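Let me begin by presenting the structure, written as structure tokens, before commenting on it.
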Amino acid sequence: MPVAATGSEEARRVAGLVAAQEKAIALFAEVEARGLVAPGRGEREVSDDIRDLANEMFGTTRHWHKRIIRSGPNTLLPYRENPPDRVITEDDIAFADFGPIFEEYEADFGRTYVLGADPDKHRLLRDLPRIFDAGRAAFAADPDITGGQLHAEVERLAAEAGWSLGIWHAGHLVGEFPHESNDGAKAESYITPDNDTPLRRTDRAGRICHWILELHLVDRRRGFGGFYEQLLDLA
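Just so we're on the same page, our numbering is the position in the sequence shown counted from 1, plus 413.
Take a look at the structure:
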């Protein structure tokens, strides 16, 4: 029978997850400051530079999922795809999706970069954090919201702004590395139409569930997408 986490254990988990995200925020602020996502650079080259920067700044050597830099038409592709390396161009869009592990706690963080002046790409850049905040507000407003209900709201918000969801889910559980073994039922571990369980619950080990909200918004007609990801219920 699972034993519920004590108050001190839960406080430690929360502090670890929040600290991991704060380090990810600092990492990507430095990515921007150094101009690592730039025209003429290959996606793999940028990914390797961010990996090395995480090690330089925080001693991070492990990532709980594959490191993703995607640009141009590759930004339409879901996580599972492995497209050929592509060189970022002058009037491009790119996104980063990284899962560094900081002191055994997972961060899962994604941001989008627009190069050039394309108005539709800049509109997506503005819409991503706005829709994220609206999704978080929907979560905050309903203590019993299920994964399916939040997914439906995120899908509605995206469509209202003229975008489609690019992947089958809108987020997932996060915690100690590796989070994928923290709960046994796949649907219940994701913000997906199939998840009819409340997001505010304990997992099978008796720990409070904490969530990442993950937005992959795409415009298939125009041939690009964007990405925004961070903690839903903490920080």
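Cβ atoms here follow ideal geometry from the backbone N, Cα and C, with glycine treated the same way. It should be emphasised that the depicted structure is a prediction, and the values quoted were computed from it without experimental measurement.
Asked                                                                                                         : Found
Segments assigned alpha helix (DSSP H), at least 4 residues, entirely inside the stretch 557-633              : 560-573
Proximal residues to R464 (C-beta, below 7 Å), its chain only, five neighbours per side dropped               : R480
D731: first and last residue of the uninterrupted beta strand (DSSP E) it sits in                             : In the structure as shown, the chain begins at 414 and stops at 648. Residue 731 is therefore absent and cannot be evaluated.
Residues near Y526 by beta carbon distance below 6 Å, same chain, minus five either side                      : V450 and A507
Distance between A583 and I604 (C-alpha atoms, nearest Å)                                                     : 5 Å
Other residues of its chain near L645: CB distance less than 7 Å, five sequence neighbours each side excluded : R549, F552, G584, W624, I625 and L626
Anticipated Cβ contact below 8 Å, V567 with L612, distance rounded                                            : With a Cβ gap of about 12 Å, V567 and L612 do not count as contacting.
Same chain only: Cβ atoms within 6 Å of G561, ignoring 5 sequence neighbours per side                         : P606, N608 and D609
Rounded separation between G588 and Y518 - CA only                                                            : 6 Å
Secondary structure of A553, DSSP reduced to three states                                                     : helix
When A600, T474, V631 and L563 are compared against E373, the one with the closest alpha-carbon               : Absent from the structure is residue 373, since the part of the chain shown begins at 414 and ends at 648.
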